[in-house]
Each structure stands twice: as C-alpha cells, then as structure tokens.
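K.L.:
Residue numbers (the numbering used here): 114 to 227.
(1) Using a Cβ-Cβ cutoff of less than 7 Å, which residues in the same chain neighbour residue 199 once the five nearest sequence positions on both sides are dropped?
(2) Rounded to a whole number of angstroms, what is the C-alpha to C-alpha distance between residue 214 and residue 129?
(3) Alpha carbon to alpha carbon, what distance is there between residue 204 and residue 115?
(4) Residue 147 bridges to which residues according to DSSP?
(5) Below 8 Å on the Cβ atoms is my contact criterion, and I expect residue 143 with residue 133 to pass it. Report the Cβ-Cβ distance as a whole number of Å.
(6) Does the distance from the CB of residue 208 to the CB of residue 119 come in under 7 Å?
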C-alpha cells in the first residue's frame, strides 16, 4: 500500500482510480488501472479474505471505517492474478499501474567521511 499512500499525497488523485464515488450498496466496485499506459477496468466485490478470528488477512478497514485500502489491494491482486503475486511488490510499479504515469526509483548510498 506504499504506492497508494504516495498517490494519495496529491488530493483527488487516488479518487480518480475509483469508478464508484461513494460506498457501494451492492458491494461492487470498479477501479481503473493502467498496464503499459492502457487503461483497464477491474470489477470486484467487497468480500475480503479473513482469517479464522475474523480479521483481514491483508489490508484491513481503517479505524475510521474507510474501505479504500483493502478495495484497491483486492483489485490490484485481481489484476495481477492473486494476492500472492503482489506480496513485497515494488511501490514504483503500483504507482505506474494506478496513475498511468512512468515512475523512477532512486537509490541513495551513504558513505562515511573517513
């Protein structure tokens, strides 16, 4: 979810991913993602994977009840085949998929003054 957090830094940008503009009464959500710059719509339901104690296995509903995190994660997992394929993924890739824009990753090295 690091990529979603980065996208959300600019107001309104994350909301553009969702086709729904509010909580869905029927539990169906549409999200727009980009693969190689081409838009793809992913349709999902709001059924989240839970463990035996009833807690979310992956991203959970926020303390204030927001569902956007687990909904984006589920749609992203569906786009890529399943949840396992997105474990420990590259945030730069998720930013590209959510925005359609290219991203760049910079590596920083720290050298001692010795």
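Backbone N, C-alpha and C define an ideal beta-carbon position, used for all residues, glycine too.
As the structure is a computational prediction, the values presented were derived from the model and not from experiment.
P.N.:
Quick look at the numbers:
(1) Excluding sequence neighbours, residue 199 sits near 189, 190 and 193.
(2) Using only the alpha carbons, I get a separation of about 14 Å.
(3) One C-alpha to the other measures close to 6 Å.
(4) Note: residue 147 sits in a beta bridge opposite 152.
(5) Residue 143 to residue 133, Cβ: 6 Å. Contact.
(6) Between residue 208 and residue 119, the C-beta spacing is below 7 Å.
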